[in-house]
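Structure, as C-alpha cells:
Residue numbers (this note's numbering): 1100 to 1384.
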C-alpha cells in the first residue's frame, strides 16, 4: 500500500536533459567541461530544467552575434589552466611534485603545514628554510616628483570635471560629471564630496603625470600610493592635496617600489624592491 501511494504521489524534482548535445560542453569551442565544472553544470541543468548542456561565456556569446537579455544570470565555473595549457604541475596527481599545504579545516582555512617537493618547509607559521640574501630584480627609472607636477589648470570657462566613481568590491567604475572646485586658478580635490585627485606616475621613465579625479576612496587628509598596480605596475596615488600626493609618490620612488601612506603628522612605507611588487624580508616582519 505504501509503495503504491508513493508511486501515485511522488514526482521527480529534477529534469534530465537528453538530446544529441548531452555532453557538458562549451558551445563555441566544443571543449568538454570536467571535474567540478562538469558536476556543477550538470546538476544545475537538471534543477533549472535546461534543455541543453551547452554553455558559453558572455564574451563568447557576443562574439557569435547573440544578444544577452539584461538582468540575466550566469553560472560560475573555475578555470582549469593546468589542463588547458598542459602544465606538468599544479594538480597534485600521482607522480607530481608534492607542492601543497595542509589546513586545519575547510571553513577557516588556517594553514598548518607547507610542503615543497614533498619536504616540510613550514609548520604552524614557523619556516624550516633559511633565508638568503638576494639582489632584487627591478626596473625603476623615474626621478622624484615636485608638487607642481600634480597641478591641473582649468580650461577657459571650465566649470565641471570628469570623475571616476569607484564601486565597492567591483572592478568596473562609473563616469561622473561634477562641478569643479577651483582655488588659486587650479582645480583641486573636493573633500566635502569625497572627490579626490588620482595620479599615475610612470616608473620606467620620466614622463608627464596622468591626473584625474576619483570618488568613494574616503580619505579626508593625506595620500596613499602604490607600485602594485596591474598591469604595468606604475605608481598610482590618491590624495587630498598635491603636497601629500607628492610625498606619498616620492616615498615609493625612493624605495624603488612599495606601498605608502602619508598624513600631516606621519609617513609610512612598505618597501617592495622586487619588481616593485614583493619584499625581501620575512612575512612575519
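We put the CB at the ideal spot given by N, CA and C, even for glycine.
Note that the coordinates shown come from a computational prediction; the quantities given were computed from them, not determined experimentally.
For residue 1158, the secondary structure class from DSSP, reduced to helix, strand or coil, is helix. When secondary structure is reduced to three states using DSSP, residue 1338 falls in the strand class. A contact between stretches requires three or more CB pairs, one per stretch, nearer than 8 Å, and the stretch 1244-1259 fails this requirement with the stretch 1313-1331. Around residue 1215, the same chain offers 1198 as residues with beta carbons nearer than 6 Å, after the five sequence neighbours per side are excluded. Within 10 angstroms of the beta-carbon of residue 1242 lie fewer than 16 other beta-carbons, which makes it exposed. When the Cα atoms are used, residue 1267 and residue 1347 turn out to be separated by approximately 23 Å.
Going by DSSP, residue 1369 is part of the beta strand (DSSP E) stretching over 1366-1370.
Where residue 1357 is concerned, the enclosing beta strand (DSSP E) starts and stops at 1357-1361. Its chain contains 1272, 1273, 1274, 1275, 1297, 1311, 1312, 1313 and 1314 as the residues whose beta carbon lies nearer than 8 Å to that of residue 1263, once the 5 sequence neighbours on both sides are disregarded; these appear in chain order.
Around residue 1238, the same chain offers 1303 as residues with beta carbons nearer than 7 Å, after the five sequence neighbours per side are excluded. For residue 1351, the closest alpha carbon among the candidates 1374, 1364 and 1129 is that of 1374. By alpha-carbon distance to residue 1305, the top candidate from 1129, 1169 and 1244 is 1244. In chain order, 1373 and 1374 place their CB closer than 8 Å to the CB of residue 1236, counting only its own chain and leaving out the 5 sequence neighbours on each side. Around the C-beta of residue 1332, 16 or more other C-beta atoms lie within 10 Å, and the residue is accordingly described as buried. Listed as beta-bridge partners of residue 1299 by DSSP are 1309 and 1335. Inside the stretch 1226-1301, DSSP marks whole beta strand (DSSP E) runs of 3 or more residues at positions 1259-1265, 1272-1278, 1280-1282, 1285-1287 and 1294-1300, from first to last along the chain. Per DSSP, the unbroken beta strand (DSSP E) holding residue 1325 starts and ends at 1322-1325.
When rounded, the separation of the alpha-carbon atoms in residue 1339 and residue 1358 is 17 Å. Here the C-alpha atom of residue 1160 lies approximately 9 Å from the C-alpha atom of residue 1126. Cα atoms of residue 1218 and residue 1329: separation of roughly 33 Å, rounded to the nearest angstrom. A distance of 8 Å or more separates the beta carbons of residue 1278 and residue 1342.
Within the DSSP bridge table, the entry for residue 1373 names 1377 as partners.
If you look at residue 1219, you'll find it in the beta strand (DSSP E) that goes 1218-1222. Your pair residue 1299 and residue 1335 checks out as a contact, with CB atoms roughly 6 Å apart and the cut at 8 Å.
Residue range 1134-1147 is occupied by the alpha helix (DSSP H) that includes residue 1138.
One thing to note: residue 1147 has its Cβ no nearer than 8 Å to the Cβ of residue 1123.
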